[in-house]
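I have placed the structure first, in the form of structure tokens, so that the comments after it can refer back to it.
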Amino acid sequence: STNEATVEVHSVTVDCTVTSRFAHTVMTSVALNKANTSKEIFFEVELPKSAFITNFSMEIEEKVYVGVVKEKEKAKKQYQKAVSSGQTAGLVKASGRKMEKFSVSVSIAAESNVTFVLTYEELLQRKLGQYEILIRVKPKSLVQQFQILTNIYEPQGLSYVDAHATFLSNELLPLVEKTVSDKKAQISFSPTLEQQRKCPGCDGTLIDGDFIVKYDVNRQQGLGEIQIVNGHFVHFFAPPDLPRVPKNVVFVIDRSGSMYGRKMAQTREALLKILPDLHEEDYFALIQFDTSILSWKDSLTKATKENVAAAMNYVKTIVDNGGTDINAAMLQAINMLVKDRQGNLLPERSIDMIILLTDGMPNSGVSDISTIQENVRSATGGNMSLFCLGFGNDVDYNFLDVMSKQNKGLARRIFEASDAALQLQGFYDEVSSPLLLEIDLQYPDNAVDYVTTSHFPQLFNGSEIVVAGRLMDNDLDNFLVEVVGQGFEEKFNVQGQATVVDWNVMYPDESYIFGDFTERLWAYLTIQQLLQKSESGASDEKANATAKALEMSLQYSFVTPLTSMVVTKPEEGDEPDSSFIADKLTEEQRQQAERGRPMAFAQAVPASRSYAQALPSPVYLVDGD
Amino acid sequence: PHFVIELPERNDSLCFNINNAPGTILNLVRDPETGVFVNGQIIGDKKIPPNGKMNTYFWRFGIIHQTLGVRLQVTTQYISILQDGKEVKLLWADTASLKGPNVDIHVTKDRSLTVTLKGSVKFVILLHKVWKNHPYHRDYLGFYTLDTHLLSPSVHGLLGQFYHGIEYEVTGLRPGESPEKPDATMFAKGQELNVTRGWQRDFRRDIKNGENVPCWFIHNNGSGLIDGVETDYIVSGLF
Numbered sequence: 006s007t008n009e010a011t012v013e014v015h016s017v018t019v020d021c022t023v024t025s026r027f028a029h030t031v032m033t034s035v036a037l038n039k040a041n042t043s044k045e046i047f048f049e050v051e052l053p054k055s056a057f058i059t060n061f062s063m064e065i066e067e068k069v070y071v072g073v074v075k076e077k078e079k080a081k082k083q084y085q086k087a088v089s090s091g092q093t094a095g096l097v098k099a100s101g102r103k104m105e106k107f108s109v110s111v112s113i114a115a116e117s118n119v120t121f122v123l124t125y126e127e128l129l130q131r132k133l134g135q136y137e138i139l140i141r142v143k144p145k146s147l148v149q150q151f152q153i154l155t156n157i158y159e160p161q162g163l164s165y166v167d168a169h170a171t172f173l174s175n176e177l178l179p180l181v182e183k184t185v186s187d188k189k190a191q192i193s194f195s196p197t198l199e200q201q202r203k204c205p206g207c208d209g210t211l212i213d214g215d216f217i218v219k220y221d222v223n224r225q226q227g228l229g230e231i232q233i234v235n236g237h238f239v240h241f242f243a244p245p246d247l248p249r250v251p252k253n254v255v256f257v258i259d260r261s262g263s264m265y266g267r268k269m270a271q272t273r274e275a276l277l278k279i280l281p282d283l284h285e286e287d288y289f290a291l292i293q294f295d296t297s298i299l300s301w302k303d304s305l306t307k308a309t310k311e312n313v314a315a316a317m318n319y320v321k322t323i324v325d326n327g328g329t330d331i332n333a334a335m336l337q338a339i340n341m342l343v344k345d346r347q348g349n350l351l352p353e354r355s356i357d358m359i360i361l362l363t364d365g366m367p368n369s370g371v372s373d374i375s376t377i378q379e380n381v382r383s384a385t386g387g388n389m390s391l392f393c394l395g396f397g398n399d400v401d402y403n404f405l406d407v408m409s410k411q412n413k414g415l416a417r418r419i420f421e422a423s424d425a426a427l428q429l430q431g432f433y434d435e436v437s438s439p440l441l442l443e444i445d446l447q448y449p450d451n452a453v454d455y456v457t458t459s460h461f462p463q464l465f466n467g468s469e470i471v472v473a474g475r476l477m478d479n480d481l482d483n484f485l486v487e488v489v490g491q492g493f494e495e496k497f498n499v500q501g502q503a504t505v506v507d508w509n510v511m512y513p514d515e516s517y518i519f520g521d522f523t524e525r526l527w528a529y530l531t532i533q534q535l536l537q538k539s540e541s542g543a544s545d546e547k548a549n550a551t552a553k554a555l556e557m558s559l560q561y562s563f564v565t566p567l568t569s570m571v572v573t574k575p576e577e578g579d580e581p582d583s584s585f586i587a588d589k590l591t592e593e594q595r596q597q598a599e600r601g602r603p604m605a606f607a608q609a610v611p612a613s614r615s616y617a618q619a620l621p622s623p624v625y626l627v628d629g630d
Numbered sequence: 003p004h005f006v007i008e009l010p011e012r013n014d015s016l017c018f019n020i021n022n023a024p025g026t027i028l029n030l031v032r033d034p035e036t037g038v039f040v041n042g043q044i045i046g047d048k049k050i051p052p053n054g055k056m057n058t059y060f061w062r063f064g065i066i067h068q069t070l071g072v073r074l075q076v077t078t079q080y081i082s083i084l085q086d087g088k089e090v091k092l093l094w095a096d097t098a099s100l101k102g103p104n105v106d107i108h109v110t111k112d113r114s115l116t117v118t119l120k121g122s123v124k125f126v127i128l129l130h131k132v133w134k135n136h137p138y139h140r141d142y143l144g145f146y147t148l149d150t151h152l153l154s155p156s157v158h159g160l161l162g163q164f165y166h167g168i169e170y171e172v173t174g175l176r177p178g179e180s181p182e183k184p185d186a187t188m189f190a191k192g193q194e195l196n197v198t199r200g201w202q203r204d205f206r207r208d209i210k211n212g213e214n215v216p217c218w219f220i221h222n223n224g225s226g227l228i229d230g231v232e233t234d235y236i237v238s239g240l241f
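And the structure:
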């Protein structure tokens, strides 16, 4: 980006190649300084937060400066100067709830050009029956050559491909070219300089927003899809047409004082949208809590139309008040599920689930976080799933995240924006339709090693289980795969033999599809799971998991929370080159950034305070009486 | 002196007093990561007023930015800036601006001092001028931090510990000693505190009368709200 008229952005290209859900994106930008003095040029890219940066380079006057991935602590020590002047993590910042921003600036001599290249990779997750590629483009000026090119290779075959962008006008819409064959799709968007213009003769650009490609693959009954490439395998499991398993869900609702205002209103709004989506064969309960615990009914209730309507009326009466006793509320919810199970009040083949909606810090009853986690873990006895929704910037997300993972569930932050109720509903949609329980994907011990997690507590409708591993040798005659799980009516059990996919036959016209993608997919998935273990695993597991994740991050050049990318950039004149460090943000760092952002306060300032509107951030003062 | 912690996102404020012997120096902000420290020295009235209640105020602040190599001493008499071995002294009687590579300073005659330390913190010091022949009271200073988001997460001190927000909840509203000041129970930092609804004054817009800020008052020198006790924040010198 540049606001200088003398700097010309020559080209911006985004090249995204997806091979079996593994997306490899290269963003390249070339700018030319036409002035007779040096100019500072900024390169800013927003990438999905689930992605890992793998490479960055700048080419200036035929010299290439390449980022090097190093162990975070070593990089910090080595580049103490950058750290002490506050530049740690300076290249990567949180940007909204889905993205993070990588930015670097460099001074370019008169009449010379610079080429920036950033590469990142991610495994696309199937959510609500589709994969999503999100590319954010915000060039600050018109670009001579602008192109977004997405190639998707899915050996299973594509069931549909859809592309749209938030900035597409009627004029730009026909410029999105989509070519879809059975196993391959290409989507390109390449407006000319004139087509980018906001209006004839003006310099503003229409290109500003998200370019989104959504697709799904053909799925077949049975084992799912197993691909073997270059000594690694990956197994995608998401069988179609399975009946959903009924669920028994207890909503545990924090109504403490800090939920007051928008959070409480959004909670009510979300519950009013979620409750009618319950299936008639489901059972549900509502427990609201502050320092005291209040249950709608003593037992779970069948989700008949009448009961749901009564529950909706009850939800409308929930108001905020008092402190936060998460421990007692959780134990009451667990106890209710256990009691109803023991009393045979719930269907035998059904899943027990608790959804906790809270904004935070327990401060009444048991307030020690690890004690609460231990109490909940021991009370559930591994027999129910816990999903936590954390509201607001101050929520102790790590507490909820660990507690969920210890109980076969997951946590999600709910951002207090206008669509918080939609976020809640979206999360509920993801987890509301379990298809299989306790799924085990089994591979022959003598044929594979370093297999990623292969046991999953549940498979939800619209999602997908992915397992990857390394093959011990190339003798694949005995590569038998078995999947077992618990379905609605009966046990799910399929067996089959994996076969090697010959990519040259499948895609004969492609001379190169980044060939080691299966290995990188395996490495990405392994690192993600090791990072999770290093957060929520048993204490002896944590150190091992961290060490292994670091080793693999370095080996595969991924910028993860354990590594840093060190970028050396040239300085003008006699100044020595200086180094910058790009880090991967953790959820905690994202939260800190959000707390510190003055805008966040500005948005939160209520209009009723006469002078608060003029203040972008809170004031802390000491003065005389 | 009275402390006010404004929480605009909750449309609320917390307040407490710290009463200590005149001469005591208290740490207000301490951020070893960015090298920012603010200490203030307390002074008392000239003599005990007829109501028997001695007021205490801040009369001198020491501000250090180690990384930038800047030291500021602000008293009720003058403002001294020390950087790279050079000292610049300004008087409250002047309106003056100083723009340096690391620090910007603006003095509004006999009223306020605005200091911006590059990339770390912005604050305002107010001068409360009292009639010099007043039998009891004397000039004093107020310290207001306006922008703290660049300080590190480990920032601490009597004010600094609140820069990254505080989780609290208030329940059990009940009549207090004074009809317009009800009592309540506050849950904060894992403790249960008795608090009183009241107000304190923000003097930035009206240096003479101030503006009332409704707040939850925490008794006993902020006990339970501040980490530790108030004596933990006593330091031996201004710098």
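Residue numbers (this note's numbering), protein chains in the order written: chain A, 6 to 630; chain B, 3 to 241.
Cβ atoms here follow ideal geometry from the backbone N, Cα and C, with glycine treated the same way.
Item                                                                                                                                                                          : Value
Does DSSP put residue 231(B) in a helix, in a strand, or in coil?                                                                                                             : coil
Whose C-beta lies closer than 6 Å to the C-beta of residue 181(A) among residues of the same chain, with five residues either side of it excluded?                            : 168 and 194
State buried or exposed for residue 603(A), treating a residue as buried only when at least 16 other CB atoms are found within 10 Å of its CB.                                : Reliability of the predicted coordinates at residue 603(A) is poor, the pLDDT of 27 falling under 50, and the value obtained from them is presented with this limitation in mind. The residue in question, residue 603(A), is exposed, as its Cβ has fewer than 16 Cβ neighbours within 10 Å.
Where are the beta strand (DSSP E) runs, 3 residues long or more, that stay fully inside the segment 135–167 of chain A, in chain order?                                      : 136–142 and 150–158
Which residues in the same chain as residue 230(A) place their Cβ atom closer than 6 Å to its Cβ, once the five residues preceding and following it in sequence are excluded? : 161 and 241
With a threshold of 16 other CB atoms inside 10 Å of the CB of residue 236(B), please say whether the residue is buried or exposed.                                           : exposed
Have a look at residue 522(A) and residue 29(A) and give me their C-alpha separation to the nearest angstrom.                                                                 : 9 Å
Mind listing, in chain order, the continuous alpha helix (DSSP H) runs of no fewer than 4 residues lying wholly within the segment 394–438 of chain A?                        : 402–410 and 425–436
What does residue 182(B) touch in chain A if you count any residue whose Cβ is under 8 Å from its own?                                                                        : Result: empty, since nearest Cβ-Cβ is about 18 Å, beyond 8 Å.
Starting from residue 61(B), trace the alpha helix (DSSP H) both ways and give me its first and last residue.                                                                 : Counting along the chain, residue 61(B) falls outside any alpha helix (DSSP H), though it belongs to the beta strand (DSSP E) covering 58–67.
Buried or exposed: which applies to residue 225(A), given that a residue is buried once 16 or more other Cβ atoms fall within 10 Å of its Cβ?                                 : exposed
At 8 Å on the CB atoms, spell out the chain B contacts of residue 329(A), in chain order.                                                                                     : 171 and 189
Below 7 Å between beta carbons is the criterion; list the residues of the segment 391–414 of chain A that meet it against any residue of chain B, in chain order.             : 399
Please list the terminal residues of the continuous alpha helix (DSSP H) segment that includes residue 224(B).                                                                : 221–224
Hey, is residue 376(A)'s beta-carbon within less than 9 Å of any beta-carbon in chain B?                                                                                      : no
Please identify, using Cβ separations under 8 Å, the residues of the segment 316–350 of chain A that lie next to chain B, in order along the chain.                           : 326, 327, 328 and 329
For the segment 443–469 of chain A, which residues have a CB atom closer than 9 Å to at least one CB atom of chain B, in sequence order?                                      : none
Below 8 Å on C-beta distance, what does residue 123(B) contact in chain A?                                                                                                    : Those do not exist, as residue 123(B) stays about 11 Å from chain A at its closest Cβ, beyond 8 Å.
What does a CB cutoff of less than 6 Å around residue 154(A) pick up in its chain, not counting 5 residues either side in sequence?                                           : 20 and 193
In its own chain, which residues sit with a C-beta less than 6 Å from the C-beta of residue 157(B), not counting the 5 before and 5 after it?                                 : 33 and 165
Let's see if you can read the secondary structure: which residues bound the beta strand (DSSP E) around residue 65(A)?                                                        : 57–65
Could you tell me whether the segment 289–298 of chain A touches the segment 419–428 of chain A, where touching means 3 or more Cβ pairs closer than 8 Å?                     : no
Please confirm whether residue 365(A) has its beta-carbon closer than 9 Å to some beta-carbon of chain B.                                                                     : yes
Can you pull the chain B neighbours of residue 368(A), defined as C-beta to C-beta under 9 Å?                                                                                 : 169, 170, 171, 189, 190, 191, 192, 193 and 194
Could you tell me how far apart the beta carbons of residue 350(A) and residue 304(A) are, in whole angstroms, since I believe they sit closer than 8 Å?                      : 6 Å
What's the gap between the Cα of residue 330(A) and the Cα of residue 337(A)?                                                                                                 : 11 Å
Given a threshold of 16 other Cβ atoms within 10 Å of its Cβ, counted over all protein chains shown, does residue 528(A) qualify as buried or as exposed?                     : buried
What is the DSSP secondary structure of residue 340(A), counted as helix, strand or coil?                                                                                     : helix
Does residue 296(A) get closer than 9 Å to chain B when you measure Cβ to Cβ?                                                                                                 : yes
Roughly how many whole angstroms lie between the Cα atoms of residue 365(A) and residue 628(A)?                                                                               : 32 Å
Measure the alpha-carbon distance for residue 379(A) versus residue 547(A) and round it to whole angstroms.                                                                   : 17 Å
From the DSSP output, in three-state form, read off residue 262(A) for me.                                                                                                    : helix
Quick one: Cα of residue 446(A) to Cα of residue 173(A), how far?                                                                                                             : 43 Å
So, at 7 Å on beta carbons, what are the nonlocal neighbours of residue 308(A) in its own chain, with the 5 sequence-adjacent residues on each side left out?                 : 283, 284, 285, 287, 288 and 289
Under the three-state reduction of DSSP, which class applies to residue 216(B): helix, strand or coil?                                                                        : strand
Would you mind stating whether residue 191(B) and residue 229(B) have Cβ atoms separated by less than 9 Å?                                                                    : yes
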